[in-house]
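Enquirer:
Residue numbers (the working numbering), protein chains in the order written: chain U, 1 to 239; chain Y, 240 to 478.
Here is the structure:
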């Protein structure tokens, strides 16, 4: 049986052989939820870049839509933010999105630097697509949580737990982090939003202060943008 | 209200200001459980060192008992292992133990290198002593889990959760790691040993393979060696 490792923080990624596993990049609030949504709504591709300057440059070169936030605001020089609600079909269909975020896109580039060959992105809005893909591939997996500036966060851990729970009959949970994530999810699954609120999760707190409860609720909803973003030749595209 | 941060791995310690908080070093299986036990049973002091060569040298200089394991066996050149059962009153009373372990003593030295001024060690056998001390001091705390070679582990996270649970009315749990640890403990508290077994925790698995179930059960038992080891001038002594 193949195994699933969970990595709670980019600062722990060096411990794992990401080049030998399918890597699921997880940044629930909100990068990977927004990536799934934009592709679901017809975006041609998403180019994840790890800094604002590259985002602006590439946006000009390919006539793409530039997006990204720093500390909850649209970064200077970019056009759009990280909210999945900005990327409706009428706006994003057939377009290319050039996206930079604080944690998720940075983690994706870390995985690439470590030789990852098979990268997809995961979030509650595309939970089933991710699980179906992993099940079909039937190979070792690493669930890589983006966290917040290298700190562990609840929502990415919950998503890892959700995948582990779905795949518990066909994959071994490897390492204590996988067991902790799975337990956390089983505990919280009846009401993920309520769990985030009750625990005053750091990101719940941050986004609620910006008036973004609606984003949080959406990003914790399963299968509302059920596509599989796969990384191919520098871009995330629908599989 | 002062706050409690939880750090799941030595590889995440750089994120925290350990010089501004009381640091609780946690290595439940088995370094910090053994430290509490040796002091409870009358040891004069424990000198934690981070490598075998220093352990041998200091042991000779002060005529102390050298102890330490690497990968579950007594390290070459040392006299004793990491099991709390080796340190009965008849053996350890009035002696000085020079101890090196894979994770716990290394983490303690990392905290010292980062300027920590107030260091104690925590384990289930001395849970109440640790909580009483933190409560009385009423200052910010960091619960520093030793993990296993920088990987997160269940038992250290459980102990962090136990402290958070005891002190929930007088400290703020700060950061998502504290919330995750607290949830894990609340979920497991009725039967910590059963929880470790059910989840086949990596360290449960490792020690059980060495025939050390008895050690695991002891190290998960509250207040059986209820002293407070504090770090003073290079040594851990009973407060």
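Ideal placement from N, C-alpha and C gives every residue a C-beta, glycine not left out.
Nearest to residue 453(Y) by alpha carbon, out of 348(Y), 467(Y), 323(Y), 367(Y)?
Expert: For this step, residue 453(Y) is matched to residue 214 along the second chain. Nearest of 348(Y), 467(Y), 323(Y), 367(Y) to residue 453(Y), Cα basis: 323(Y).
Enquirer: I want to know whether the segment 440–459 of chain Y touches the segment 342–359 of chain Y - three or more CB-CB distances under 8 Å.
Expert: Output reads no: the segment 342–359 of chain Y does not touch the segment 440–459 of chain Y.
Enquirer: Consult DSSP for residue 215(U) and reduce its assignment to one of helix, strand or coil.
Expert: Your numbering for residue 215(U) matches position 215 in the first chain. In the structure shown, residue 215(U) sits in a helix (DSSP, three-state: H, G or I).
Enquirer: Please list, in chain order, the residues of the segment 408–420 of chain Y that have any C-beta partner in chain U closer than 8 Å.
Expert: 414, 415, 416, 418, 419
Enquirer: What number of angstroms, rounded off, separates the C-alpha of residue 43(U) from the C-alpha of residue 384(Y)?
Expert: As a position in the first chain, residue 43(U) is number 43, starting the count at 1. As a position in the second chain, residue 384(Y) is number 145, starting the count at 1. Distance between the alpha carbons of residue 43(U) and residue 384(Y) is about 43 Å.
Enquirer: Is there a Cβ of chain U sitting closer than 8 Å to that of residue 438(Y), yes or no?
Expert: Locating residue 438(Y) in the second chain gives position 199, counting from the first residue. Yes, its Cβ sits closer than 8 Å to a Cβ of chain U.
Enquirer: What residue from 245(Y), 442(Y), 401(Y), 433(Y) has the CA that sits closest to residue 462(Y)'s CA?
Expert: The count along the second chain starts at 1 and reaches residue 462(Y) at position 223. Closest by C-alpha distance to residue 462(Y), out of 245(Y), 442(Y), 401(Y), 433(Y), is 401(Y).
Enquirer: Just the Cα atoms here: how many angstroms apart are residue 233(U) and residue 23(U)?
Expert: As a first step, residue 233(U) must be located in the first chain, where it is residue number 233. As a first step, residue 23(U) must be located in the first chain, where it is residue number 23. Computed Cα separation, rounded: 16 Å.
Enquirer: Would residue 357(Y) count as contacting chain U if we go by Cβ distances under 8 Å?
Expert: Numbered from its first residue, the second chain carries residue 357(Y) at position 118. No, residue 357(Y) does not count as interfacial toward chain U.
Enquirer: What does residue 8(U) touch in chain Y if you count any residue whose Cβ is under 7 Å from its own?
Expert: Here the question's residue 8(U) lines up with position 8 in the first chain. Residues of chain Y passing the Cβ test: 247, 391.
Enquirer: Considering only DSSP beta bridges, list what residue 174(U) is partnered with.
Expert: Residue numbering aside, residue 174(U) sits at position 174 when the first chain is read from its first letter. By DSSP's assignment, residue 174(U) forms a beta bridge with 5(U).
Enquirer: Taking C-beta to C-beta, are residue 158(U) and residue 192(U) nearer than 8 Å?
Expert: Along the first chain, read from residue 1 onward, the residue named residue 158(U) stands at position 158. Along the first chain, read from residue 1 onward, the residue named residue 192(U) stands at position 192. The answer is yes: Cβ separation under 8 Å.
Enquirer: What did DSSP end up calling residue 314(Y) once you bin it into helix, strand or coil?
Expert: On the second chain, residue 314(Y) is found 75 positions in, with the first residue counted as 1. Secondary structure at residue 314(Y): coil, using DSSP grouped into helix, strand and coil.
Enquirer: Enumerated in chain order, which unbroken segments of the alpha helix (DSSP H) with a length of 4 residues or greater are wholly contained in the segment 276–339 of chain Y?
Expert: 291–301, 328–331
Enquirer: Please check if any C-beta of chain Y sits within less than 8 Å of the C-beta of residue 236(U).
Expert: Here residue 236(U) refers to the residue found at position 236 when the first chain is read from its first residue. Not an interface residue.
Enquirer: Along the chain, which unbroken stretches of the beta strand (DSSP E) at least 3 residues long are found entirely within the segment 127–185 of chain U?
Expert: If only complete runs of 3 or more residues are kept, the segment 127–185 of chain U shows the beta strand (DSSP E) at 141–145, 172–174, in order along the chain.
Enquirer: If we define contact as Cβ-Cβ less than 8 Å, is residue 103(U) a contact residue for chain Y?
Expert: Here the question's residue 103(U) lines up with position 103 in the first chain. For residue 103(U), the answer is no, since every Cβ of chain Y falls outside 8 Å of its Cβ.
Enquirer: State the Cα-Cα distance for the pair residue 361(Y) and residue 308(Y), rounded to the nearest angstrom.
Expert: In the second chain, residue 361(Y) corresponds to position 122, counting from 1. In the second chain, residue 308(Y) corresponds to position 69, counting from 1. Roughly 20 Å separates the two Cα atoms.
Enquirer: My output table needs one value for residue 228(U): the three-state DSSP class, helix, strand or coil.
Expert: Position 228 of the first chain, counted from the first residue, corresponds to residue 228(U). Residue 228(U): coil per DSSP, three-state reduction.
Enquirer: For residue 75(U), count the other beta carbons within 10 Å of its own beta carbon; 16 or more makes it buried, fewer makes it exposed. Which is it?
Expert: Position 75 of the first chain, counted from the start, is the residue given in the question as residue 75(U). Looking at its Cβ environment, which holds 16 or more other Cβ atoms inside 10 Å, residue 75(U) is buried.
Enquirer: Do we get a CB-CB distance below 8 Å when we pair residue 3(U) with the residues of chain Y?
Expert: Your numbering for residue 3(U) matches position 3 in the first chain. Look at residue 3(U): its C-beta is not under 8 Å from any C-beta on chain Y.
Enquirer: Between residue 435(Y) and the rest of its own chain, which residues show a CB-CB distance below 6 Å, the 5 nearest in sequence each way excluded?
Expert: Looking up residue 435(Y) in the second chain gives position 196. Cβ within range, chain order: 443.
Enquirer: Beta-carbon of residue 430(Y) versus every beta-carbon of chain U: anything under 8 Å?
Expert: Residue numbering aside, residue 430(Y) sits at position 191 when the second chain is read from its first letter. False, the Cβ-Cβ gap to chain U never drops below 8 Å.
Enquirer: Any idea if residue 151(U) is buried or exposed, counting beta-carbon neighbours within 10 angstroms, 16 or more meaning buried?
Expert: Indexing the first chain from 1 puts residue 151(U) at position 151. Buried: at least 16 other Cβ atoms inside 10 Å.
Enquirer: Closer than 8 Å by beta-carbon distance: list the chain U residues that pair up with residue 426(Y), in chain order.
Expert: Locating residue 426(Y) in the second chain gives position 187, where the first residue counts as 1. Chain U residues near residue 426(Y): 183, 187.
Enquirer: Along the chain, where does the alpha helix (DSSP H) containing residue 105(U) start, and where does it finish?
Expert: Looking up residue 105(U) in the first chain gives position 105. Residues 104–113.
Enquirer: Leaving aside the five residues before and after residue 316(Y) along the sequence, list all residues of the same chain whose C-beta is less than 7 Å from its C-beta, in chain order.
Expert: The count along the second chain starts at 1 and reaches residue 316(Y) at position 77. Excluding sequence neighbours, residue 316(Y) sits near 291, 295.
Enquirer: List the residues of chain U whose Cβ lies closer than 7 Å to the Cβ of residue 306(Y), in chain order.
Expert: Sequence index remark: in the second chain, residue 306(Y) carries index 67 (1-based). Simply none; closest approach about 25 Å.
Enquirer: Using a Cβ-Cβ cut-off of less than 7 Å, list which residues of the segment 10–41 of chain U approach chain Y; keep chain order.
Expert: Against chain Y - using a Cβ distance shorter than 7 Å - the residues of the segment 10–41 of chain U are 11, 12, 15.
Enquirer: Got a sec: which bits of the segment 439–466 of chain Y sit with their beta carbon under 9 Å from any beta carbon on chain U, in order along the chain?
Expert: Here the close residues are 439, 440, 441, 442.
Enquirer: Count the C-beta pairs between the segment 80–94 of chain U and the segment 30–46 of chain U that are closer than 8 Å, then say yes if the count reaches three, no if not.
Expert: yes
Enquirer: Under a Cβ-count criterion, where at least 16 other Cβ atoms within 10 Å of its own Cβ denotes burial, should residue 413(Y) be classed as buried or exposed?
Expert: In the second chain, the residue the question calls residue 413(Y) occupies position 174. That one is buried.
Enquirer: I need the boundaries of the alpha helix (DSSP H) containing residue 437(Y), first residue and last residue.
Expert: For the purposes of this step, residue 437(Y) is identified with residue 198 of the second chain, where counting begins at 1. Note, residue 437(Y): alpha helix (DSSP H), 431–437.
Enquirer: Is residue 355(Y) near residue 257(Y), with beta carbons less than 8 Å apart?
Expert: If you number the second chain from 1, residue 355(Y) lands on position 116. If you number the second chain from 1, residue 257(Y) lands on position 18. A contact, by the Cβ cut-off of 8 Å.
Enquirer: If you draw a straight line from the C-alpha of residue 198(U) to the C-alpha of residue 408(Y), how long is it?
Expert: Position 198 of the first chain, counting from 1, holds the residue named residue 198(U). Position 169 of the second chain, counting from 1, holds the residue named residue 408(Y). Looking at the two C-alpha atoms, the distance is approximately 16 Å.
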